[in-house]
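Take a look at the structure set out below.
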Amino acid sequence: MSERKFEIEKFNGRNNFGLWSIKMRALLTTQGLAKALDGEDELPIIMKASKMVELMEKAKSTILLNFSDEVLIEITEEKDAATL
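What follows is the structure, encoded as structure tokens:
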């Protein structure tokens with residue numbers, strides 16, 4: 001089975017954030033990363049720490065890659081996917 005690649009327009013501060021966030025959540029869902037948006041405290045207790053870190057890092061990276069450079073420079077201090 002081939003993996004489909006989905007791309008969304010990067011959020012640049014001028015496009016609609018509401019629509020972008022809906023698309024971003026859908027993208028994370030297709031990649032199995034949407035649980036990271038609920039925050040680390042909401043992840044299943046039985047999830048291994050290494051898997052939890054991997055999930056959070058993948059989600060954060062996916063979100064960061066979908067911001068324009070202008071926005072990215074403003075949010076470099078954010079620590080996790082849920083905050084982003």
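Everything in the sequence shown is counted per full-length UniProt numbering, starting at 1 for the first residue and increasing by one. We put the CB at the ideal spot given by N, CA and C, even for glycine.
For the 9 angstroms CB-CB criterion, I22 and N66 do not form a contact.
In the DSSP assignment, S50 falls within the alpha helix (DSSP H) that extends over A49 to L64. Straight across, the Cα-Cα distance linking E78 with N16 is about 21 angstroms. Cβ-Cβ distances below 7 angstroms link M24 to I8, I63 and N66 in the same chain, with the five nearest sequence neighbours on each side left out; the list follows chain order. In this structure, the CA atom of A36 is about 6 angstroms from the CA atom of A59.
Here E57 has no same chain residue with a Cβ atom under 8 angstroms from its own Cβ, once five neighbours each way along the sequence are excluded.
Beta-bridge pairing by DSSP links F11 to F67.
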